[in-house]
Amino acid sequence: MNMLKKLVSVFLLSITGFYVYQNRYRLMNRILGNTILRRFAVSSLMGIPGIRQKIFQSVFSGPSEIR
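Residue 1 is where the sequence shown starts when you use UniProt numbering, and the numbers rise one by one after that.
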């Protein structure tokens, strides 16, 4: 019986993962369309030092060389 529960759990998790993957852009637009969730997402990302450094380098760097 315990094995059946694990199998059902893995199956449902796989189906959910597939659905999220198929609709990932729609979900991102829905999440980032909400002001409170967007503010939370941006503040969370800016709390990660590596991402914050990359963003600040990109925004505050001098003019890039265009060929």
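In this text, a Cβ means the ideal position worked out from N, Cα and C, and glycines have one as well.
Could you check where the alpha helix (DSSP H) with residue i kicks off and where it finishes?
i: N2; result: N2 to Q22
i: S58; result: P49 to F60
Hey, how far is the Cα of residue i from the Cα of residue j?
i: S61; j: R52; result: 14 Å
i: N23; j: I48; result: 26 Å
i: V59; j: A41; result: 19 Å
i: M1; j: V8; result: 11 Å
Can residue i and residue j be called in contact, C-beta distance under 8 Å?
i: L13; j: V20; result: no
i: L45; j: R38; result: no
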